[in-house]
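Colleague:
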Amino acid sequence: MSTLVGDGLENPGNASALVAAASMFGWDCAFLDRAGLGLAPALTKDELLGQFSPLLALENAPGADSIHGFTFSGPRPALLVGNERKGIDRDLLQRADRAVRIPLASRRLDTINVAAAAAVALYYMTRGGGGKLRTRAEPNRHRPEVLFLGPGDAIELGSALRSAAAFGWGRVFVEDRSRVWFGTDRVMRSLGRGAARRSRNAIHVLPFPGGDRPLAGRPVFDEACVVTRGEGEPLHRVDVARGPGRLLVIADEGALDLAREDLGRLARDVRVVSLDLPRSEFPYRFKLTASIALAEAGRQVGVRLRPGGGRARPPFYDRALPLLAGHADALLVEKRGVAVALEDLPL
Amino acid sequence: MTPIVLDESREAATEALPRIVHREPLPGHVHAVSKTEVEELLRALGPTAFYGLRIVELGGPAPARGLVLGRFEAPGRIRIFGVPPPPWRLAALTEETERLLGAGARRARDEHGALLLEWPGSTLRDFVLRHVLLHEIGHHLLQHHTGKRLVPIARTRDHEAFAERFARRARERLR
Chain H
5 MSTLVGDGLE NPGNASALVA AASMFGWDCA FLDRAGLGLA PALTKDELLG QFSPLLALEN
65 APGADSIHGF TFSGPRPALL VGNERKGIDR DLLQRADRAV RIPLASRRLD TINVAAAAAV
125 ALYYMTRGGG GKLRTRAEPN RHRPEVLFLG PGDAIELGSA LRSAAAFGWG RVFVEDRSRV
185 WFGTDRVMRS LGRGAARRSR NAIHVLPFPG GDRPLAGRPV FDEACVVTRG EGEPLHRVDV
245 ARGPGRLLVI ADEGALDLAR EDLGRLARDV RVVSLDLPRS EFPYRFKLTA SIALAEAGRQ
305 VGVRLRPGGG RARPPFYDRA LPLLAGHADA LLVEKRGVAV ALEDLPL
Chain A
103 MTPIVLDESR EAATEALPRI VHREPLPGHV HAVSKTEVEE LLRALGPTAF YGLRIVELGG
163 PAPARGLVLG RFEAPGRIRI FGVPPPPWRL AALTEETERL LGAGARRARD EHGALLLEWP
223 GSTLRDFVLR HVLLHEIGHH LLQHHTGKRL VPIARTRDHE AFAERFARRA RERLR
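Just so you know, the protein sequences line up as chains H and A, in that order. Residue numbers for the first sequence follow the working numbering, so the first one is 5 and each next one is one higher. Residue numbers for the second sequence follow the working numbering, so the first one is 103 and each next one is one higher.
(1) For H/Asp180, count the other beta carbons within 10 Å of its own beta carbon; 16 or more makes it buried, fewer makes it exposed. Which is it?
(2) Helix, strand or coil for A/Phe264, going by three-state DSSP, please let me know.
(3) In three-state DSSP terms, what is H/Tyr321?
(4) Could you tell me the alpha carbon to alpha carbon distance between H/Ala141 and H/Trp185, rounded to whole angstroms?
(5) Three Cβ pairs or more, each shorter than 8 Å: is that satisfied between the segment 191 to 204 of chain H and the segment 154 to 171 of chain H?
(6) Please check if any C-beta of chain A sits within less than 8 Å of the C-beta of H/Asp322.
(7) State the Cα-Cα distance for the pair H/Ile116 and A/Arg179, rounded to the nearest angstrom.
(8) Please list, in chain order, the chain A residues whose beta carbon lies closer than 7 Å to that of H/Glu149.
(9) Between the Cα of H/Gly249 and those of A/Ser224, A/His261 and A/Gly162, spot the shortest distance and give me the residue it belongs to.
(10) Report buried or exposed for H/Met5, applying the criterion of at least 16 other Cβ atoms within 10 angstroms of its Cβ.
(11) Which chain A residues are close to H/Val244, counting only those with a beta carbon under 9 Å from its beta carbon?
(12) Go ahead and pull the three-state DSSP assignment for A/Leu128.
(13) Taking all protein chains shown into account, do 16 or more other C-beta atoms lie within 10 angstroms of the C-beta of H/Glu149, making it buried, or fewer, making it exposed?
(14) Based on DSSP bridge pairs, tell me the residues matched to H/Asp95.
(15) May I ask which residues mark the beginning and end of the alpha helix (DSSP H) holding H/Leu392?
(16) Assign A/Ile157 to buried or exposed, taking buried as 16 or more other Cβ atoms, counted over all protein chains shown, within 10 Å of its Cβ.
(17) Between the Cα of H/Arg105 and those of H/Pro66, H/Arg94, H/Leu52 and H/Lys291, spot the shortest distance and give me the residue it belongs to.
(18) For the segment 168 to 194 of chain A, which residues have a beta carbon sitting closer than 8 Å to at least one beta carbon of chain H?
(19) With burial defined as no fewer than 16 other Cβ atoms inside 10 Å of the residue's Cβ, what is the status of H/Leu43: buried or exposed?
(20) Since H/Val85 contacts H/Leu62 with CB under 8 Å, what's their CB separation in whole angstroms?
(21) Measuring CB atoms only, is the segment 207 to 214 of chain H touching the segment 160 to 175 of chain H, in the sense that at least three cross pairs come out at less than 8 Å?
(22) Could you compute how far the alpha carbon of H/Leu13 sits from the alpha carbon of H/Val178?
(23) Any idea what DSSP makes of H/Leu60, helix, strand or coil?
(24) Using DSSP with H/G/I as helix, E/B as strand and the rest coil, what is A/Gly172?
(25) With DSSP run on the structure shown, which of helix, strand or coil describes H/Asp177?
(26) Under three-state DSSP, which class holds H/Ser70?
(27) Does H/Val224 have its Cβ less than 8 Å from a Cβ in chain A?
(28) Which of helix, strand or coil does DSSP assign to H/Asn87?
(29) For A/Thr258, is the classification buried or exposed, using 16 other Cβ atoms within 10 angstroms of its Cβ as the cut-off for buried?
(30) With a threshold of 7 Å on Cβ separation, who are the neighbours of H/Gly215 within its own chain once the five nearest residues in sequence on each side are excluded?
(31) For chain A, find out if any of its Cβ atoms is closer than 8 Å to the Cβ of H/Leu252; answer yes or no.
(32) Starting from the C-beta of H/Phe286, find all residues in its chain whose C-beta is less than 6 Å away, skip the five residues before and the five after it, and write them out in chain order.
(33) Counting only beta-carbon separations shorter than 8 Å, does A/Glu262 have a partner in chain H?
(34) Which chain H residues are close to A/Val158, counting only those with a beta carbon under 7 Å from its beta carbon?
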């Protein structure tokens, strides 16, 4: 049986999310419980090295293979993911058969949540690697806008925002009907921002009108691709990298019923696309499905060609209000002595 | 000797306005200017200012960094993005922002002490038309009249200075 192994996780929340990630793809999950959290089923290092083949390490290590196009074979594979801060144990990393990495587009944010990373890796590994990462002269011209629809948990949303920034998005919309991001209390705010790594994550989070504030007039976007864990066109066969006039909608299906949503308000044309997961029943986690969808969309958007290898970009000149030094957001407000970003204001 | 005259259709073409396209602004943003107002400004400037300009786009998705008001993209494309509805709340104004917003905006404080930038009456529209749009036309003129090359034809600093100088002169002329 294929097994996902967590090495020395410190956060029990990540351990349960890792179990959910394994369950999405019909894999087992086990732990090297170095922190004594009582995680089960537990493995020892010797059992891990003796029972599994091939042993694959998910780590951004030098020489690691890209997860895109990665294939493997073996009687009892194990995918090893590491500690939230330190990564995989150095000795285990050296003794692993192969190392794989998830290519990220951000220069400031070079990691994503450990369970989200595991889900993304399993998504590609169980599908035989998927397509290669695209290269383009100007990938951002193909990058669709992203809307997180009705997230129900601040930490899940925060991790999804972290993934969005890591896969290259500079801006996302959030329809925050559960009030987990905008105008929320201090505790919820800290949890969400912490999960999003807001200190390094400069992504702009914009409130999307909707819910009790319906969009006025006709929809803004030409086309929306709504990602679901259920039935639909497989995401990897749909071209979502069609520029900012297109909207990639990732709904929190744990908090809302997609079948009851009026999706026509989002765009003129709406397509429902599926993550095409091997199992239909699993413990749902928003950050996992969101990260998979963002990873696949990011693969289609691609990365810039090597310098000098592509067509030169015609010049453009922007007229902008410059960012305030030291802040990620363009517009800030001092509210009761605390710096608050525009996104936190009840607009 | 018969005087040489421009072909009528060609003469008319040189005076034809660029296409002005109205796109939906991003959610939570509004248009500061209308198609008619842009047309009126271009007509007031005359064909020498917009010759070679292919399209002026109002709205559409702005780049995801800072508050981008306008953009010139060679060759011949000006984009005027939507803006957040006033008043704008700001932590502080940098020197450059202060200079940029010198005309029109009124500064105030809200009940929490935040800096509110108010745009009374038509000041926001005037700012976008007479500062942002004219500045972008300045970029277009410099780029277009030096050979229509798809490479930057001046250092960015010089390009910006030229565009700003053009905008200032045009404002004085239109006054």
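All C-beta atoms, glycine included, are put in the ideal place defined by N, C-alpha and C. Remember, it's a predicted structure, so these values are computed and weren't measured experimentally.
Modeller: Well, looking at it:
(1) Numbered from 1 along the first sequence, position 176 holds the residue referred to as residue 180 of chain H. By the 10 Å Cβ count, H/Asp180 comes out buried.
(2) To locate residue 264 of chain A, count along the second sequence from 1; it is residue 162. DSSP places A/Phe264 in helix when its eight states are reduced to three.
(3) By 1-based counting over the first sequence, the position of residue 321 of chain H is 317. Reduced to three states, the DSSP call for H/Tyr321 is strand.
(4) On the first sequence, position 137 is the one that residue 141 of chain H refers to. On the first sequence, position 181 is the one that residue 185 of chain H refers to. Straight-line Cα distance between these residues: approximately 35 Å.
(5) yes
(6) Here residue 322 of chain H is taken as the residue at index 318 of the first sequence, counted from 1. For H/Asp322, the answer is yes, since a Cβ of chain A falls inside 8 Å of its Cβ.
(7) As a working mapping, residue 116 of chain H is identified with position 112 in the first sequence. As a working mapping, residue 179 of chain A is identified with position 77 in the second sequence. Their Cα atoms are separated by approximately 38 Å.
(8) For the purposes of this step, residue 149 of chain H is identified with residue 145 of the first sequence, where counting begins at 1. Ordered by position in chain A, the residues that pass the 7 Å Cβ test against H/Glu149 are Pro163.
(9) Taking the first sequence and counting its residues from 1, one reaches residue 249 of chain H at position 245. For H/Gly249, the nearest C-alpha among the options comes from A/Gly162.
(10) Position 1 of the first sequence, counted from the start, is the residue given in the question as residue 5 of chain H. Classification of H/Met5: exposed, given that the 10 Å Cβ count is below 16.
(11) In the first sequence, the residue the question calls residue 244 of chain H occupies position 240. Per Cβ cutoff of 9 Å: no residues; H/Val244 is ~16 Å from chain A at best.
(12) Within the second sequence, the letter at position 26 stands for residue 128 of chain A. Three-state result, A/Leu128: coil.
(13) For the purposes of this step, residue 149 of chain H is taken as residue 145 along the first sequence, with counting starting at 1. H/Glu149 should be labelled buried.
(14) By one-based count along the first sequence, residue 95 of chain H stands at place 91. The partner list for H/Asp95 (beta bridge, DSSP) is empty, contrary to what the question assumes.
(15) Chain H is shown from 5 up to 351; residue 392 of chain H falls before or after that span and cannot be answered.
(16) Locating residue 157 of chain A in the second sequence gives position 55, where the first residue counts as 1. Exposed is the call here.
(17) Your numbering for residue 105 of chain H matches position 101 in the first sequence. H/Pro66 is the residue among H/Pro66, H/Arg94, H/Leu52 and H/Lys291 whose C-alpha sits nearest the C-alpha of H/Arg105.
(18) For the segment 168 to 194 of chain A, which is checked against every Cβ of chain H, the residues closer than 8 Å are Gly168, Leu169, Val170, Leu171, Gly172, Arg173, Phe174, Glu175, Ala176, Pro177, Pro186, Trp190, Arg191, Leu192, Ala193 and Ala194.
(19) If you number the first sequence from 1, residue 43 of chain H lands on position 39. Buried, by the Cβ-count rule.
(20) Start at 1 with the first residue of the first sequence, and residue 85 of chain H comes out as number 81. Start at 1 with the first residue of the first sequence, and residue 62 of chain H comes out as number 58. Yes, they are in contact, since the Cβ atoms of H/Val85 and H/Leu62 sit about 5 Å apart, within 8 Å.
(21) yes
(22) Counted from its first residue, the first sequence places residue 13 of chain H at position 9. Counted from its first residue, the first sequence places residue 178 of chain H at position 174. Cα-Cα distance, rounded: 30 Å.
(23) Taking the first residue of the first sequence as position 1, residue 60 of chain H is located at position 56. Here H/Leu60 sits in strand by DSSP.
(24) As a working mapping, residue 172 of chain A is identified with position 70 in the second sequence. A/Gly172: strand per DSSP, three-state reduction.
(25) Counting from one through the first sequence, the residue named residue 177 of chain H turns up at place 173. As written in the sequence, residue 177 of chain H is Phe, which differs from the Asp given in the question. DSSP places H/Phe177 in strand when its eight states are reduced to three.
(26) On the first sequence, position 66 is the one that residue 70 of chain H refers to. Here H/Ser70 sits in strand by DSSP.
(27) Within the first sequence, residue 224 of chain H is the residue found at index 220, counting from 1. Closer than 8 Å: yes.
(28) Position 83 of the first sequence, counted from the first residue, corresponds to residue 87 of chain H. Of the three classes helix, strand and coil, the one that applies to H/Asn87 here is strand, per DSSP.
(29) To locate residue 258 of chain A, count along the second sequence from 1; it is residue 156. The residue is exposed, with fewer than 16 neighbouring Cβ atoms inside 10 Å.
(30) One-based indexing of the first sequence puts residue 215 of chain H at position 211. For H/Gly215, the pLDDT reaches just 45, beneath the cut-off of 50, and the residue's location in the model is therefore unreliable, although a value from the coordinates is still provided. So the list reads Glu179 and Arg181, once near-sequence residues are dropped.
(31) For the purposes of this step, residue 252 of chain H is taken as residue 248 along the first sequence, with counting starting at 1. No, because no Cβ of chain A sits closer than 8 Å to the Cβ of H/Leu252.
(32) One-based indexing of the first sequence puts residue 286 of chain H at position 282. Once the five neighbours on either side are set aside, the close Cβ partners of H/Phe286 are Ser27 and Met28.
(33) Indexing the second sequence from 1 puts residue 262 of chain A at position 160. Interface residue, yes.
(34) Stepping through the second sequence from its first residue, residue 158 of chain A is reached at position 56. What A/Val158 touches in chain H: nothing, since even the nearest Cβ is about 14 Å away.
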